[in-house]
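Position one of the sequence shown corresponds to residue 1 (the UniProt record's numbering), numbered consecutively onward.
Report on one structure; see the data block that follows.
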Amino acid sequence: MGQILEQCCKKGEKNQVKSSVALSIQSQDEPIEITEELIQKLKQQLDEVKKKLGDFEVQNTFNITQNDVWPIKLLGRGSFGKVYLVKIKDKLYAMKQIKKKLILKKQQLENLLYERFILQKYDHPFIIKMYFVYQEPLFINMVMEFVQGGELFYHLNKRKKFDQKTTAFYASQLVLALEFLHETVRVAYRDLKPENVLLCKDGYIKLADMGLAKDNSELNYSFCGTAEYLAPEMIEEKGHNASVDFWTLGCIIFEMLFGHPPFQDENKKNLYIKIQTGEFKFPSTASSSAQSLIKGLLQYHPEERFSFKQIKQHEFFEEIDFDLIYQKKLKPPFEPLLTTEKDTRNFDYVLESQMKQSEIPNIPQAQELFQDFPFLVKQQIQF
């Protein structure tokens with residue numbers, strides 16, 4: 001679902017991405033030239049983002065070894081890697097494995113540090129938790145909690161659409177998660193879509209994948225996200241801030257209610273025109289409160305979109321107590337069917353059972369760029 005922009009490109013590269021939105025597996029494995037100029041550019045970016053993150057420190061030593069990490073099953077594929085179910089010392093985790101060569105070529109080190117910063121430093125009931133990160137010669141591995149219910153998209157696809165009460169339940173949690181990111185972490189999320197919303201076994205949700213999160217202290221000009229959910233200012237390269245998340249929230253609420261995004265077209269140029277002109281229609285079954293909320297979020301001008309206060313007070317959420325939602329005291333619409341702790345029936349991607357290796361990239365001079373990520377020892381040494 002969705003035409004995923006497989007890279008977040010800098011200003012001036014947008015046309016290239018628009019002409020070839022979805023990168024194939026083959027294109028990801030093409031030989032990658034790592035130049036000294038690129039390395040210096042990435043070092044500068046790292047220095048800048050570290051200044052923004054301040055004195056954030058993470059634990060770089062772990063009481064585990066390489067032999068403690070056992071891959072069980074492939075759970076999914078993302079833009080830059082794969083997510084595996086792994087067992088570490090009798091506990092199950094989800095591990096996001098990203099190729100270093102893709103991180104370098106697509107200049108994603110900055111985004112990687114932001115994702116690590118957000119998911120390791122902060123705790124929020126509706127944002128996935130990262131426990132630790134480590135590196136291998138070819139990969140960066142991010143070990144996170146295993147959210148067993150799978151993607152919200154999986155359940156939405158099975159049911160075709162949600163009723164308004166169910167939609168309000170999930171949307172209220174997204175509102176609280178985005179509010180936390182905007183006002184506490186001070187970042188724009190920039191990649192809200194059903195595939196990045198995970199369903200927990202208790203029936204509540206978790207927002208995942210902070211790979212496109214960006215500092216919100218100034219306008220950003222990078223072009224990223226998923227085509228159907230792009231805000232007009234992203235397409236027009238006017239510079240954007242966290243207001244793009246209000247736009248995508250409107251798109252997600254529409255999709256949960258009616259089974260498809262508000263803006264659709266097989267031709268990307270026509271799709272972008274529809275987004276820029278606000279060309280979409282409500283089904284005849286749409287309630288007045290749903291129409292009012294979605295219209296308030298899908299405003300062309302960012303400053304005219306509903307604020308968090310306006311969203312929470314909107315009649316669409318009249319049956320939602322946001323304090324009780326935060327405390328998880330409201331009964332969820334349903335809980336995912338699970339039989340064992342290893343049950344992965346709620347995941348579409350069961351394609352392989354082992355983590356595959358690839359050729360070693362000839363970039364030894366770039367290894368120091370990953371010095372913030374520790375290696376695991378092969379085995380613990382007994383004295």
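The beta carbon of each residue, even a glycine, is placed where N, CA and C say it ideally should be.
For residue i, the first and last residue of its enclosing alpha helix (DSSP H)
i: V197; result: Segment 197-199 is the beta strand (DSSP E) holding V197; no alpha helix (DSSP H) there.
i: R116; result: 109-121
i: L293; result: 288-297
i: I273; result: 268-277
i: I39; result: 36-53
i: Q310; result: 308-312
i: I325; result: 322-326
Whole-number beta carbon distance between residue j and residue i, since they are thought to touch under 8 Å
i: Q173; j: Y204; result: 6 Å
i: Q148; j: K201; result: 5 Å
i: H155; j: L199; result: 6 Å
i: P333; j: T166; result: 4 Å
i: P232; j: I294; result: Incorrect: roughly 15 Å between the Cβ atoms, too far for contact.
i: A366; j: I140; result: About 13 Å; that fails the 8 Å criterion.
i: R305; j: F246; result: 4 Å
i: G81; j: K96; result: 6 Å
i: Y134; j: F347; result: Contact doesn't hold; Cβ gap of about 24 Å is too wide.
i: Q93; j: Y131; result: Note that residue 93 is Tyr in the sequence shown, not Gln. That belief holds up - the Cβ atoms of Y93 and Y131 are roughly 7 Å apart, short of 8 Å.
i: L369; j: K50; result: Their Cβ separation, rounded to whole angstroms, is 12 Å, which puts L369 and K50 out of contact at 8 Å.
i: A227; j: L271; result: 6 Å
i: L53; j: L113; result: 7 Å
i: L138; j: T344; result: The pair is not a contact, with the Cβ atoms about 25 Å apart (cut-off 8 Å).
Test item: CB-CB of residue i and residue j under 7 Å
i: F126; j: L207; result: yes
i: N216; j: R186; result: yes
i: V83; j: L152; result: no
i: I252; j: L176; result: no
i: M256; j: F146; result: no
i: A168; j: F317; result: yes
i: I311; j: M210; result: no
i: Y189; j: A213; result: yes
i: E72; j: K87; result: The question names Glu, but residue 72 is Ile in the sequence shown. Yes.
i: F263; j: F280; result: yes
i: L330; j: L337; result: no
i: K91; j: D68; result: no
i: E110; j: Q45; result: yes
i: I128; j: M142; result: no
i: S287; j: E315; result: no
Span of the beta strand (DSSP E) around residue i
i: Q97; result: 91-99
i: L75; result: 69-77
i: G81; result: 81-88
Counted within 10 angstroms of its Cβ, other Cβ atoms place residue i as buried (16 or more) or exposed
i: Q313; result: exposed
i: L181; result: buried
i: H124; result: buried
i: E195; result: buried
i: H240; result: buried
i: residue 435; result: Residue 435 lies beyond the range of the chain shown here (1 to 383); nothing can be said about it.
i: T285; result: exposed
i: D248; result: Residue identity check: residue 248 is Thr in the sequence provided, not Asp. It is buried - the Cβ of T248 has at least 16 other Cβ atoms within 10 Å.
i: G225; result: buried
i: G278; result: exposed
i: Q120; result: buried
i: Q108; result: buried
i: Q357; result: Residue confidence is low: Q357 scores 47 on pLDDT, short of 50, so the model does not pin down where it sits. Its coordinate-derived value is still stated next. With fewer than 16 Cβ atoms within 10 Å of its Cβ, Q357 is classed as exposed.
is_contact[residue i, chain B] using C-beta, thresh 7 Å
i: D215; result: No chain B is part of this structure, which consists of one protein chain only.
Exercise for the section: Taking only runs that begin and end inside the region 123-193, name each unbroken alpha helix (DSSP H) of 4 or more residues, in chain order. Expected result: 152-159, 164-180
Exercise for the section: Kindly provide the ranges of any beta strand (DSSP E) runs that are 3 or more residues long and lie completely inside the region 197-244, ordered along the chain. Expected result: 197-199, 205-207
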